[in-house]
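Residue numbers (numbering that gives the first Met the number 0): 0 to 114.
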Amino acid sequence: MKLFLLVVAYIVLSIISSLLYVGIVLLLFITLKKIFNMNEQKWRALFNYKKGLGIASIMFFPFILMIAIMFPVSMFGFELIEFDYKALGYLAVIILPMTLLFVKLPKLKENILNQ
């Protein structure tokens with residue numbers, strides 16, 4: 000039963016962290032568009048800044064914010080199911096999105112820079 004609760008908690012926390020990350024990235028794009036009145040040339044200049052550093056920073060900083068928000072949430076979630084290794088569970092929840100980000104980001108950067 001405890002293993003089942005751990006798997007369910009892992010899946011739920013992974014979904015929450017992924018949705019939070021996507022929400023923060025979209026909020027950042029909307030904010031940049033409204034504040035700087037972004038058009039196609041401005042977006043291209045931002046994404047191509049220093050060979051893709053602009054897009055990498057736009058993808059990286061929301062990830063750091065998501066990690067900071069998800070730490071207490073996951074600790075609380077693992078406390079509810081009385082999981083003994085809460086910090087290890089938190090790391091497991093964060094490692095999957097981080098791995099996906101570092102695998103997909105270079106491909107995304109290449110696609111954006113080549114367009």
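Think of the CB as a built atom: it goes at the ideal place given N, C-alpha and C, for glycine as much as any other residue. Fair warning: this is a prediction, and the values are worked out from it, not measured in the lab.
Whole-angstrom distance between residue j and residue i, CA atom to CA atom
i	j	result
residue 29	residue 57	12 Å
residue 50	residue 43	11 Å
residue 87	residue 63	18 Å
residue 5	residue 17	18 Å
residue 0	residue 81	12 Å
residue 36	residue 15	31 Å
C-beta atoms of residue i and residue j nearer than 8 Å
i	j	result
residue 13	residue 92	yes
residue 104	residue 55	yes
residue 116	residue 23	The chain is shown from 0 up to 114; residue 116 falls before or after that span and cannot be answered.
residue 69	residue 26	no
residue 8	residue 77	yes
residue 46	residue 53	yes
residue 73	residue 48	no
Where the alpha helix (DSSP H) containing residue i begins and where it ends
i	result
residue 53	52-79
residue 28	1-35
residue 41	39-46
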